[in-house]
Amino acid sequence: MSSNKAGKVQDNVADRAARHVIRLRGIRKLYQMGQQQVAALDGIDLDIDKGEFAALMGPSGSGKSTLMNILGCLDRPTFGSYELEGREVAHLSDDELAVMRNRHIGFVFQNFNLLSRISSVDNVALPLIYAGVGARERRERAMHFLEAVGLADRAEHMPNELSGGQRQRVAIARALVNEPEIIMADEPTGNLDTKSTKEIMEIFQKMHGKGRTIILVTHEPEIAVCANRQLLVRDGVITRDEGRGVVLDVV
Amino acid sequence: MAFTALYANKLRSLLTMLGIIIGVGAVIAMVSVGMGVRSNVQESIASLGSNMLIVSPGSSNRGGPRGAAGSMQTLKYEDARAIQSKIRNIDFVSPSVSGSYQIVNGNQNWNSSVQGVTPEYMDIKSLVVESGSFISTDNMNKRDRVAVIGTTVAENLFGSENPVGRNIRVNNQPFRVIGLLESKGQSSMGQDQDDVVIIPLTTAQERMLGITYVQSISVQVKDALYMDQVQEDIEVLLRQRHRIVGDKEDDFHVRNLTSLMETMTQTTTMITLLLGSVAGISLIVGGIGIMNIMMVSVTERTREIGIRKALGATFGNIMMQFLIESVVIGVIGGIIGIFIGCCLSYAIAGLGGFSTVITLAPIVVSFSFSVGIGLLFGILPARKAAKLDPIEALRYE
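Just so you know, the sequences run in chain order U and D.
Under our numbering, the first sequence has 229 at position 237, and the numbering climbs by one with no breaks.
Under our numbering, the second sequence has 917 at position 58, and the numbering climbs by one with no breaks.
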């Protein structure tokens, strides 16, 4: 009997993990500003399901970057619980967080953040170095994902020989290369022209179609409408949580 | 990866390495010069007789007034032979007798010191024969009337002519000159070392002086290390041979040139120490150079570090990356430094006209030191890099 029950509990945990990739409960982040304590995040409860494409919106100073950092395991909340893939990560050490980032999260940044001294394919392969993958396999996998974003012919080019859109596609390939569950994109189109923006968003749509979980931070409503869930952060709390098609006015 | 980063900043990496290159090069060049000077000094002091033990007869003391040192007649040629054959760690043994005689060639005459010696005398006194040959064992055995003369004697008797093969008279006995010594100049005591006539020991004993004993035995020890041991051995051996038992006083003295030896070791140690410390300081300066540049490099690459950390690099990964970079600087700088140091030491030897000695020790020491310095002075910047907060680092412009 008891073993049966234990199995059930485990099933429940597994179930929940399968559904909710991310589970935030009562997340607060406090900063000490002189004598005052300022809450950048003031009690966030949020579940993000597997395969969801969520857009995180909010004006500057709303705490959306802080939330993004915590979701991306770059930062720890002061209070609250954060379960990533069913594992509590709110109080992990720096190195444990680094491993979580490496295994479970792919980052796409506004300013691409490619290393300028190494070629596209080496940039893409970078997360695999820290995952302990051998050189030959690193290259194979990096080439595979470069192909997926249509840049196989630019593999040996340096980042500064590529256009903005191409650079962001390299960055996306890098985010995908270690097969993470979650893609975190922080204003990925902020530095791009409209044509490139369209290309990049198409790639995100395609990834979403393949069942990846995507969290997109943006302040442009036109970008956010591509997502199937829109979250508005204001003054450290989530004020609106809408489905696809609604245009949220950030301001 | 480390090479890519270093290659991307060629000039800066090179300038950083320069500190190490100069440091290692200086260590090797200076120590090799030091060793060269040391072996030169050692050689020249050795030629003064630093490794020499001199056995002389004691003073006679059978009641009444005591004789001068060396006045006893107990030291024999056989004692010298016994020392040669029974005592280890000695190079040469040379017994000798001497007297002062009038030397005559035709209408020229000159008073000089006549030394009766064995063939080993040449090695022990570092004599060089300019022309002709030195006393041979054959001359010894036959008690030949042959002589090797110094330049002062040659000048006074023969002027500028070559004396070899000519006949002279020593104490009215005819001698054939078989060799002319190269000039040695004055000794430290102000004695003219070229004012000498050298004849076989047996000839001197039997044909000139009419004695059966020797006046002194010079013993050259293999290495300064064995001086005390050899001295003791000789004393024991001679006491046995002379049948001196119990508390009875020795009838001989064994003396060494300790003060000379001490001066030598002291001088050479100081020289090596001085050069080594100058070079060592330059190595440390080079190391601080590495640290300086690595610090700048960390600041400059804050963003890169942020990216790497965001992609999953741990503290250890980043630390390792920067440490490898600084060690690579140390290794490459060290190798170039060794090369330059060796070239420099050859150049100094070539231009300065004295020998330098390149030994393995300073090369190994300075190389491992440069790698160690790369490691040591890389730790601080590497730690700084590895501890960066990824959020801050990503925001850094």
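Idealized CB from N, CA, C, for every residue including glycine.
From a predicted model like this one, the values you see are computed outputs, not experimental measurements.
### Query
Assuming I887/D and I1188/D make a contact with CB atoms under 8 Å, what is their CB distance in whole Å?
Rounded, the Cβ-Cβ distance is 18 Å, inconsistent with contact.
### Message
Please tell me whether V169/U and R133/U are closer than 8 Å, where the distance is taken between their beta carbons.
### Response
Taking 8 Å as the Cβ cut-off, V169/U and R133/U qualify as a contacting pair.
### Query
Are any of the Cβ atoms in chain U nearer than 8 Å to that of L870/D?
No, its Cβ sits nowhere closer than 8 Å to a Cβ of chain U.
### Task
Quick one: list the residues of chain D neighbouring L66/U, beta-carbon separation under 7 Å, in chain order.
In chain order: A1169, P1249 and I1250.
### Task
In the DSSP assignment, find the alpha helix (DSSP H) that holds S953/D and state where it starts and stops.
Looking at the DSSP string, S953/D is not in any alpha helix (DSSP H); the run it does join, the beta strand (DSSP E), is I949 to N964.
### Query
What first and last residue would you give for the beta strand (DSSP E) that runs through Q29/U?
Per DSSP, Q29/U belongs to the beta strand (DSSP E) from Q28 to D41.
#### Entry: For A1172/D and E1251/D, the rounded distance between their alpha carbons
Pairing E1251/D with A1172/D, the inter-Cα distance amounts to about 15 Å.
### Task
Could you work out which residues of chain D lie near G90/U, taking near to mean beta carbons separated by less than 7 Å?
What sits at residue 90/U in the sequence shown is Ala, not Gly. Result: K1168, G1171, A1172 and T1173.
### Query
Among residues of its own chain, excluding the 5 on either side of D1053/D, which ones have a beta-carbon nearer than 8 Å to its beta-carbon?
Closer than 8 Å at Cβ, skipping near neighbours: G1009, T1010, T1011, V1012, L1040, S1042, K1043 and G1044.
### Task
Go ahead and label Y23/U buried or exposed: buried means 16 or more other beta carbons lie within 10 angstroms of its beta carbon, across all protein chains shown.
Looking at its Cβ environment, which holds fewer than 16 other Cβ atoms inside 10 Å, Y23/U is exposed.
### Task
Kindly indicate which three-state DSSP category F196/U falls into: helix, strand or coil?
DSSP places F196/U in helix when its eight states are reduced to three.
### Message
With the cut-off set at 8 Å, would you say S108/U and V162/U are in Cβ contact?
### Response
In this structure, V162/U does not lie closer than 8 Å to S108/U by Cβ.
### Query
What are the boundary residues of the beta strand (DSSP E) that includes L48/U?
For L48/U, the enclosing beta strand (DSSP E) begins and ends at F45 to M49.
### Query
What does T863/D touch in chain U if you count any residue whose Cβ is under 8 Å from its own?
What T863/D touches in chain U: R109 and I110.
### Task
Would you verify that the beta carbon of L1253/D is, or is not, closer than 8 Å to some beta carbon of chain U?
Yes, because at least one Cβ of chain U sits closer than 8 Å to the Cβ of L1253/D.
### Query
Does the separation of the CB atoms of Q154/U and A147/U fall below 8 Å?
Per the sequence presented here, residue 154/U reads as Leu, with Gln not at that position. Result no, Cβ atoms of L154/U and A147/U do not sit closer than 8 Å.
#### Entry: Same chain, Cβ closer than 7 Å to T977/D, five either side skipped, listed in chain order
Within the same chain, T977/D has close Cβ partners S953, P954, M999 and L1060.
### Task
Could you tell me the boundaries of the beta strand (DSSP E) in which K21/U lies?
H12 to M25 is the extent of the beta strand (DSSP E) around K21/U.
### Task
Please name the residues in the segment 117 to 133 of chain U whose beta-carbon is closer than 9 Å to at least one beta-carbon of chain D, in chain order.
Cβ contacts with chain D come from L118, P119, I121, Y122 and A123.
### Query
In chain D, which residues lie less than 8 Å from F196/U when you measure between Cβ atoms?
Neighbours of F196/U in chain D, taken as residues whose beta carbon is under 8 Å from its own, are absent, since the nearest beta carbon is some 19 Å off.
#### Entry: V1089/D versus A939/D - alpha carbon distance
Taking the straight line from one Cα to the other gives about 14 Å.
### Query
For R232/U, which residues in chain D fall below 7 Å Cβ to Cβ?
Within chain D, no residue has its CB atom less than 7 Å from the CB of R232/U, the nearest being about 26 Å off.
### Query
Could one say the Cβ of R15/U lies closer than 8 Å to chain D's Cβ atoms, at least one of them?
False, the Cβ-Cβ gap to chain D never drops below 8 Å.
### Query
Roughly how far, in whole angstroms, is the beta-carbon of T186/U from the beta-carbon of I215/U, given that I think they are within contact range, below 8 Å?
Contact flag wrong, Cβ pair sits at about 11 Å.
### Proximal residues to A165/U (C-beta, below 6 Å), its chain only, five neighbours per side dropped
Closer than 6 Å at the Cβ level, and outside the excluded window around A165/U, lie V116, F137, L138 and V141.
### Task
Indicate the three-state DSSP secondary structure (helix, strand or coil) for L63/U in the structure shown.
In the three-state DSSP reduction, L63/U falls in the helix class (H, G or I).
### Query
How is the beta strand (DSSP E) around Y74/U delimited, first residue to last?
Where Y74/U is concerned, the enclosing beta strand (DSSP E) stretches over F71 to L76.
### For V956/D and I1070/D, believed in contact at Cβ under 8 Å, the rounded distance
Confirmed, about 7 Å.
### Any chain D beta carbon closer than 8 Å to F99/U
Interface residue, yes.
### Task
Report yes or no: do three or more beta-carbon pairs, one from the segment 982 to 992 of chain D and one from the segment 1096 to 1108 of chain D, lie closer than 8 Å?
In the pairwise beta carbon analysis, the segment 982 to 992 of chain D is classified as not touching the segment 1096 to 1108 of chain D: fewer than three pairs are separated by under 8 Å.
### Short Cβ contact (8 Å threshold) for G156/U with L184/U
Inclusion of G156/U and L184/U in the CB contact set at 8 Å is warranted, their separation being smaller than that value.
### E1163/D at chain U interface by Cβ criterion, 8 Å
E1163/D has a beta carbon lying within less than 8 Å of a beta carbon in chain U.
#### Entry: Within 7 Å of chain U by C-beta, residues of the segment 1234 to 1245 of chain D in sequence order
The segment 1234 to 1245 of chain D vs chain U, Cβ under 7 Å: nothing.
### Query
Under 8 Å, do I36/U and I19/U count as touching if we go by C-beta distance?
Yes; because the gap between Cβ atoms is below 8 Å, this pair is in contact.
### Query
Could you check where the alpha helix (DSSP H) with Q1052/D kicks off and where it finishes?
For Q1052/D, there is no enclosing alpha helix (DSSP H), since its DSSP letter is neither H nor E.
#### Entry: Where R251/U meets chain D, residues with beta-carbon distance less than 9 Å
Residue 251/U is absent from the model: chain U starts at -7 and stops at 243.
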